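Undergrad:
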Amino acid sequence: MLPENAIYFIVLAPGLAALIAGLMQKFIGDRGAMVVTTGTVGLAGILSVIQLFNYTFGGADAVHTVGVEHGAAHAAATVLPLMTWIDVGQFQADWAIRVDALSIVMMAVITSVSGLVHLYSWGYMADDPHRARFFSYLSLFTFTMLMLVTADNFIQLFFGWEGVGLASYLLIGFWYTKDAPNDAAIKAFVTNRVGDFGLALGIMAVFLVFGSVEFEPVLSAIKENAEIVPLALAEAGAVRDIVVPFLAWDIPALELIGVLLFIGAMGKSAQFFLHVWLPDAMEGPTPVSALIHAATMVTAGVYLVCLVSPIYEYAPYAAAMITLVGAVTAIYAATVGMAQNDIKRVIAYSTCSQLGYMFFAAGVGAYEAAMFHLFTHAFFKALLFLGAGSVIHGHHHEQDMRRMGGAWKYQKFTYATMLIGTVAIIGLGMPHVWGFSGFFSKDAIIESAFAASLVGVDFAQFAFWIGISAA
Amino acid sequence: MDFPILSAVTFLPLAGAVLILLVRALTHSQSSEEVEDNRVLYAGLIFSVATFLVSIVMLLGFEIGGEGYQLVEEVAWYGDISYKMGVDGMSVTLILLTTLLTPISLVASIGSIKTRLTEYVVSFLVLETFMIGVFCALDLVVFYVFFEAGLIPMFIIIGVWGGIDRIYASFKFFLYTLLGSLFMLAAVVYMYLAAGTSDIVALEAYRFGWQDGSPWASPQTWLFLAFFASFAVKLPMWPVHTWLPDAHVQAPTAGSVILAGVLLKMGGYGLLRFSLPMFPEASLFFQPMVFVLSVIAIVYASLVAWRQTDMKKLIAYSSVAHMGFVTLGIFSFTEIGVQGAVFQMLSHGLISGALFLIVGVVYDRMHTREIEAYGGLVNKMPIYAALFMLFTMANVGLPGTSGFVGEILTMVGAFQASTWAAAGAALGVIFSAVYMLTLYRRTVFGEVTNPALETIEDTNTKELICLVPLAAGTLLLGVMPNLVFDVTRESSLRALQMLGGG
Amino acid sequence: MTFHGPRAEPDPHASHGHDDQAHDDHGHDDHHHGGEPHESPIVMLIPLFVLSFGAIFAGGMFYDAMFHHGEAFWGDAIYRAADNHVIHDIDKMKKDPSYAWVFWAPLVVTVIGFLIAVLTYLINRGFGARLAKGGGPLHAMFENKWFFDEIYDVTLIKGSRWLGDTFWKVGDKKLIDGFGPDGVTAAVKWGSRRLSAMHTGYLYHYAFVIIGAALIFGAILFWRSGGL
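Heads up: the sequence lines are chains G, R and Y, in that order.
If you're matching positions, the first sequence starts at 419 in our numbering and goes up one per residue.
If you're matching positions, the second sequence starts at 444 in our numbering and goes up one per residue.
If you're matching positions, the third sequence starts at 1428 in our numbering and goes up one per residue.
1. Count the CB pairs spanning the region 919-936 of chain R and the region 815-829 of chain R that are closer than 8 Å, and state whether there are at least three.
2. Kindly confirm or deny that the region 543-555 of chain G and the region 437-452 of chain G touch, where touching means at least three C-beta pairs closer than 8 Å.
3. Inspect the beta-carbon positions of Ala-780 (chain G) and Cys-724 (chain G) and report whether they are closer than 7 Å.
4. Within the same chain, show all residues whose beta-carbon is closer than 7 Å to that of Asp-1609 (chain Y), passing over the 5 residues directly before and after it, in chain order.
5. For Ile-741 (chain R) and Gly-767 (chain R), which I take to be in contact (beta-carbon distance under 8 Å), what is that distance rounded to the nearest angstrom?
6. Quick check on Asn-838 (chain R): buried or exposed, where buried means 16 or more other Cβ atoms within 10 Å of its Cβ?
7. Quick one: what's got a C-beta closer than 7 Å to Asp-1456 (chain Y)'s C-beta in the same chain, skipping five residues either side?
8. Taking the C-alpha atoms as reference points, what is the distance between Phe-420 (chain R) and Val-805 (chain R)?
9. Taking only three categories from DSSP, how would you classify Phe-651 (chain R)?
10. Since Ser-491 (chain R) contacts Pro-546 (chain R) with CB under 8 Å, what's their CB separation in whole angstroms?
11. What did DSSP end up calling Thr-502 (chain G) once you bin it into helix, strand or coil?
12. When the cut-off is 7 Å and only beta carbons count, does Ser-727 (chain G) lie next to chain Y?
13. If Ile-515 (chain G) and Ile-425 (chain G) are in contact, beta carbons under 8 Å, what's the gap, nearest whole angstrom?
14. With a cut-off of 8 Å on the beta carbons, I'd call Val-459 (chain G) and Thr-529 (chain G) a contact; round off their distance for me.
15. Tell me the DSSP bridge mates of Gln-510 (chain G)?
16. Counting along the chain, where does the beta strand (DSSP E) carrying Lys-755 (chain R) start and finish?
17. Below 8 Å on the Cβ atoms is my contact criterion, and I expect Asp-570 (chain G) with Ala-1504 (chain Y) to pass it. Report the Cβ-Cβ distance as a whole number of Å.
18. Could you give the distance in angstroms between the alpha-carbon of Gln-782 (chain R) and the alpha-carbon of Phe-1574 (chain Y)?
19. Per DSSP, what are the beta-bridge partners of Ala-656 (chain G) in this structure?
20. If I measure Cβ to Cβ from Trp-653 (chain R) and keep anything under 6 Å in the same chain, skipping five residues before and after, which residues do I get?
21. Rounded to the nearest angstrom, how far is the Cβ of Val-608 (chain G) from that of Ala-876 (chain R), given a contact under 8 Å?
22. Does Glu-634 (chain G) come out as helix, strand or coil in the three-state DSSP assignment?
23. Given that Ser-808 (chain G) touches chain Y, what residues does it touch there, using C-beta distances under 9 Å?
24. What residues from chain G crowd round Trp-863 (chain R), counting only those whose CB sits closer than 8 Å?
25. Straight-line CA distance for Leu-852 (chain R) to Leu-736 (chain R)?
26. Taking 7 Å as the CB-CB limit, is Asp-1576 (chain Y) close to chain G?
27. Can you give me the C-alpha to C-alpha distance between Ala-682 (chain G) and Glu-850 (chain R), rounded to a whole angstrom?
28. So if I threshold CB-CB distances at 7 Å, which residues from the region 674-705 of chain R count as touching chain Y?
29. Establish whether the CB of Phe-768 (chain R) and some CB of chain G are separated by less than 7 Å.
30. For chain R, check one thing: does any of its Cβ atoms lie closer than 7 Å to the Cβ of Ile-504 (chain G)?
31. Looking at Pro-705 (chain G) and Val-535 (chain G), is the spacing between their C-beta atoms short of 7 Å?
32. Keeping to the same chain, check which residues put their C-beta closer than 6 Å to that of Met-789 (chain G); ignore five residues upstream and five downstream.
33. Do Ser-521 (chain G) and Val-567 (chain G) have their C-beta atoms closer together than 7 Å?
34. Helix, strand or coil for Ala-519 (chain R)? Go by DSSP, reduced to three states.
35. Return the bridge partner residues of Asn-822 (chain R) from the DSSP annotation.
36. Mark Asp-608 (chain R) as exposed unless 16 or more other C-beta atoms lie within 10 angstroms of its C-beta, in which case mark it buried.
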């Protein structure tokens, strides 16, 4: 782990930069706002990538990746508390920064991609009259996304969750004089709200059962199958066996929580039924699509599912639902994506389908595979989007692929990177040897699905075949 | 006896009003309307700011976490009725809200009110006295007098400085509140006769008749319903809410701010001060009914708000929905729910007050509240657009603003009592995003289509003075809501204790 | 995957999404370049370069850490129940030749898919277009995203809009106001012309009620204190 000050910087400085760029644009001008935000996020990116490498490959407290016995070296989370937020009875939520493997990986992905997107926007948005506002929103997004992944309780997670929704809304509708972006922005926000309906109820259910909204007590109670007395229920019971009333039904508590939280994840990660906003979100500027609607925000749902993995481990039906929804999304998005002409929408559907992969990996219990794919996907999908943005930029904002072409002639570098991105996404590589990033992670997922089907996880076989055919 | 700080806070505005009237009587003769200028507004402003400062002194004298009522003053009045004042955490926060919003609404009136300024300022100052009195009163009769008297200045404000249909609006307002007041008056008389005292502290200890199994034969039931009728109108709850949209639409901007910001809170305050502690069994008995009404209010009002074409009506309906969270939280009978409800009242006071000011800003320039007349404001008024966005998001309940804390806590509280109620309320949260974002998109985003908007100017200093404190408050309470919870904790727990203590 | 295709002949009347806005506005199209496509500035190429690096190497570099030895890497952050052997099983499968096809299948499918794409977009240019034209209902369904937007619009959006209108115009105006204040007014008007003066004298009536109430209350007090 980095020194505490560095962690504070990574998480909080982008928020400060957003404030400065947003409120003081009169004084520092567009360029000042760009320098402040890009510099801050870029530095945070470098720091958090160092942190990831440190954690993985070196340092005294690093995880030694070679030759570790299974089950050894469990790295515990470190929590840096910032301030009390809500403290009412048992309902306690602090502002805090949680540092563990999940948040280290997410921090690295978010800040590095965000830093690059900031830099890229210097060129892409060069002629826009509202650059200060744009960069302020980008940094605001980075800050809220970091708050999401470093939360140590469900309420701060919800803050980040809604905060990235706000930033996404503002950025999709960035060109606010036009109808299409405005409609798309509202659609995105409202569809996400439908998901948040589930997430909020899920959090309430967590509180009802565990009497706490903090991750640590909730998750360790499930791991230990502790005896607890849910609020409003008189009897004590082992966590995994508790049944709670919800609406007209009595539902096993973990299944209920699992399904409700997953509804939230479906909204944010554009899964089947709640996916409708993602293609429309492409109305936003392309750097935004790369950062928010490909690399980071839409993966928040996957992150959430992996974060609360103990719940899904003991909620087989909720996990099966994740597998099924993920698999259906993967195939759905693949079919629709083939028939689109707008280059950004094609990539958006591809994102949708890749997120489906991650979900079905998580659904069958291979959370590592899901997170690993999230990690690699962030790079090649951001690459594809930024490459597409470069083509669009080169073609004077033409997005219809049928009117493009000749990129090789005029944009050799862009072309080359797009090719890399494509090859990475289709997962080219030789088994047991080496390949592009997508190869490792995607195959990890497909193998997981197959392995799971061997032991009889619901829908795993279905997911496996879909995974192969949609590859 | 110590310095009677509560009486000072309460009657300082009234003293100011009297002084202003005296000065006018001495300096002007009849028909002085043309001579009048904003000086009288500034005079009123000085008094209301002074009241705000005195209320800060009061807060400093208030021991946070102390038990029961503090800063109590008592003067024998008539028979068993005495003039008794005292505050607990809940009333302190609401008094501060009142003393904050009154000067803001007076500032907002500068330039937009041009006729009968003296009467206008006097009405506001008198209203402020009555409102503070409601939150300070520790005697049922004193409470009732303040509670009902407060309506008179509001009638005058709507009826004299209101819009075209002000007569219809105030008539509706009158009918609804009359209904509630009559029932409540009867209940007050009964309680006084039964308990032999009108002291609120004594009444809290007195057990009004309740028979398990036959609620309809128990006096508590009828007392509860009588008080509830009055508070439900005031809140307002579905289905006695239809006066609110009309009243808001017709009221001048400052009137709407006070109406939404403070007057509605009297209903929620009354439920916590009287219904729960004094009629505990009846409160428990009627919990399902209140839940149903609250959820209907939230969902129904949100959907109706979406379909409005008048900006003020939209925000008025949104108020109905947000007050639904207050009743939901109170009747969850959990600490979380009650604390959330008190917080929601405070937060809604800031947010809805600010939203009415926001509408007032463009109304002053364009003299229309029709959404269709606007569009593309962001091109001409960037600062306005930013502030509007902030309050839109606060109204939608975005975490980080105070709107979120109130909503989530009331829902968490309600979830423990009824998952149906919580799910219904959560549904309303979706709709709130729909109507607020639609409003924002139609007025602020897009191209400027109405040529009259070409010359519209951004917010001026006066408007910023009104809006910036509210924006700061919304954000501060969103990030550090414990500033409020620490103050209100004891009083919320106390209300629940009396409920459970039997 | 079609961005590197040769310049296809655009259908001038192609109607899709938002083509009428996509290329002629977006707020910053006052480029001073001609109509020729051009390479992007260096600030845009640097991120592309860095990300390419990530896209090529991130997978191979972190495969062992994050996946193969994931348990140690993720530590307490990811939890697997005692009976969840998914990752273990993959290791076992790797050693078992009878499962080799599982590892090769994705590659085979990928290559086939890639060849089809090349065939469609590069070699036989018209093939894609013909497929789209003659694709029939299936292609229409795919192109229109399985009609999700349309279905949601008809059911959810139109439905709640209708509900909102109904609540407002029927619920509030007809029922509540009709039987409530307006109904009372009408009844009062009908019953007594003189009382309809309430419309203008409401304020005094209200004050009257309050004063009357105070009087009644005073009378009761008086009666009580006298009676005791």
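Where a beta carbon is used, it is the ideal one built from N, C-alpha and C, also for glycine.
No experiment lies behind these values; they were computed from the predicted model shown.
TA: With the structure as the only source:
1. no
2. yes
3. Indexing the first sequence from 1 puts residue 780 (chain G) at position 362. Indexing the first sequence from 1 puts residue 724 (chain G) at position 306. Yes, these two residues count as a Cβ contact at 7 Å.
4. Start at 1 with the first residue of the third sequence, and residue 1609 (chain Y) comes out as number 182. Here the set comprises nothing.
5. Counting from one through the second sequence, the residue named residue 741 (chain R) turns up at place 298. Counting from one through the second sequence, the residue named residue 767 (chain R) turns up at place 324. About 4 Å separates the two Cβ atoms, so the contact holds.
6. Residue numbering aside, residue 838 (chain R) sits at position 395 when the second sequence is read from its first letter. Only buried fits Asn-838 (chain R), as 16 or more other CB atoms lie within 10 angstroms of its CB.
7. Locating residue 1456 (chain Y) in the third sequence gives position 29, where the first residue counts as 1. Unreliable placement is indicated for Asp-1456 (chain Y), whose pLDDT of 39 sits below 50; no coordinate value is reported for it.
8. Only positions 444 to 945 of chain R appear in the structure, and residue 420 (chain R) is not among them; the question remains open.
9. To locate residue 651 (chain R), count along the second sequence from 1; it is residue 208. Coil at Phe-651 (chain R), not helix or strand.
10. Residue mapping note: residue 491 (chain R) aligns to position 48 of the second sequence, counting from 1. Residue mapping note: residue 546 (chain R) aligns to position 103 of the second sequence, counting from 1. Yes, they are in contact, since the Cβ atoms of Ser-491 (chain R) and Pro-546 (chain R) sit about 4 Å apart, within 8 Å.
11. Taking the first residue of the first sequence as position 1, residue 502 (chain G) is located at position 84. Here Thr-502 (chain G) sits in strand by DSSP.
12. Within the first sequence, residue 727 (chain G) is the residue found at index 309, counting from 1. Interface flag for Ser-727 (chain G) against chain Y is set, since a Cβ pair is found closer than 7 Å.
13. Within the first sequence, numbered from 1, the residue matching residue 515 (chain G) stands at position 97. Within the first sequence, numbered from 1, the residue matching residue 425 (chain G) stands at position 7. So it is a contact: roughly 6 Å between Cβ atoms.
14. Taking the first residue of the first sequence as position 1, residue 459 (chain G) is located at position 41. Taking the first residue of the first sequence as position 1, residue 529 (chain G) is located at position 111. At roughly 6 Å, the Cβ-Cβ gap stays under 8 Å, so Val-459 (chain G) and Thr-529 (chain G) are in contact.
15. In the first sequence, the residue the question calls residue 510 (chain G) occupies position 92. In DSSP, Gln-510 (chain G) forms a bridge with G:Asp-505.
16. In the second sequence, residue 755 (chain R) corresponds to position 312, counting from 1. Careful: Lys-755 (chain R) lies outside any beta strand (DSSP E), inside the alpha helix (DSSP H) at 754-773.
17. On the first sequence, residue 570 (chain G) is found 152 positions in, with the first residue counted as 1. On the third sequence, residue 1504 (chain Y) is found 77 positions in, with the first residue counted as 1. Incorrect: roughly 12 Å between the Cβ atoms, too far for contact.
18. As a first step, residue 782 (chain R) must be located in the second sequence, where it is residue number 339. As a first step, residue 1574 (chain Y) must be located in the third sequence, where it is residue number 147. Rounded to the nearest angstrom, the two C-alpha atoms are 45 Å apart.
19. For this step, residue 656 (chain G) is matched to residue 238 along the first sequence. DSSP lists G:Glu-645 as partners of Ala-656 (chain G).
20. Against the second sequence, residue 653 (chain R) aligns to sequence position 210. Hits under 6 Å: Ser-661, Gln-663, Glu-724.
21. On the first sequence, residue 608 (chain G) is found 190 positions in, with the first residue counted as 1. On the second sequence, residue 876 (chain R) is found 433 positions in, with the first residue counted as 1. Between Ala-876 (chain R) and Val-608 (chain G) the Cβ distance is about 5 Å, and since that is below 8 Å, they are a contact.
22. For the purposes of this step, residue 634 (chain G) is taken as residue 216 along the first sequence, with counting starting at 1. Helix, per DSSP.
23. The residue labelled residue 808 (chain G) in the question sits at position 390 within the first sequence. In chain order: Glu-1466, Ser-1467, Met-1471, Leu-1472, Leu-1475.
24. Here the question's residue 863 (chain R) lines up with position 420 in the second sequence. What Trp-863 (chain R) touches in chain G, judged by beta-carbon distance under 8 Å, is Leu-665, going in chain order.
25. The residue given as residue 852 (chain R) occupies position 409 in the second sequence. The residue given as residue 736 (chain R) occupies position 293 in the second sequence. About 19 Å.
26. Residue mapping note: residue 1576 (chain Y) aligns to position 149 of the third sequence, counting from 1. Interface residue, yes.
27. One-based indexing of the first sequence puts residue 682 (chain G) at position 264. One-based indexing of the second sequence puts residue 850 (chain R) at position 407. For the record, residue 682 (chain G) in the displayed sequence is Gly; it is not Ala. Straight-line Cα distance between these residues: approximately 18 Å.
28. Of all residues in the region 674-705 of chain R, Pro-682, Thr-685 have a Cβ within less than 7 Å of some Cβ in chain Y.
29. In the second sequence, counting from the first residue as 1, residue 768 (chain R) sits at position 325. With 7 Å as the cut-off, Phe-768 (chain R) does not count as an interface residue toward chain G.
30. Taking the first residue of the first sequence as 1, we reach residue 504 (chain G) at position 86. Cβ-Cβ to chain R under 7 Å: yes for Ile-504 (chain G).
31. Here residue 535 (chain G) corresponds to residue number 117 of the first sequence, with the count starting at 1. Here residue 705 (chain G) corresponds to residue number 287 of the first sequence, with the count starting at 1. Yes. Within cutoff.
32. For the purposes of this step, residue 789 (chain G) is identified with residue 371 of the first sequence, where counting begins at 1. Contacts found: Cys-724.
33. Residue mapping note: residue 521 (chain G) aligns to position 103 of the first sequence, counting from 1. Residue mapping note: residue 567 (chain G) aligns to position 149 of the first sequence, counting from 1. Yes; because the gap between Cβ atoms is below 7 Å, this pair is in contact.
34. For this step, residue 519 (chain R) is matched to residue 76 along the second sequence. If DSSP states are grouped into helix, strand and coil, Ala-519 (chain R) belongs with the strands.
35. Walking along the second sequence from the start, residue 822 (chain R) turns up at place 379. None; Asn-822 (chain R) has no bridge partner.
36. Taking the first residue of the second sequence as position 1, residue 608 (chain R) is located at position 165. So Asp-608 (chain R) counts as exposed.
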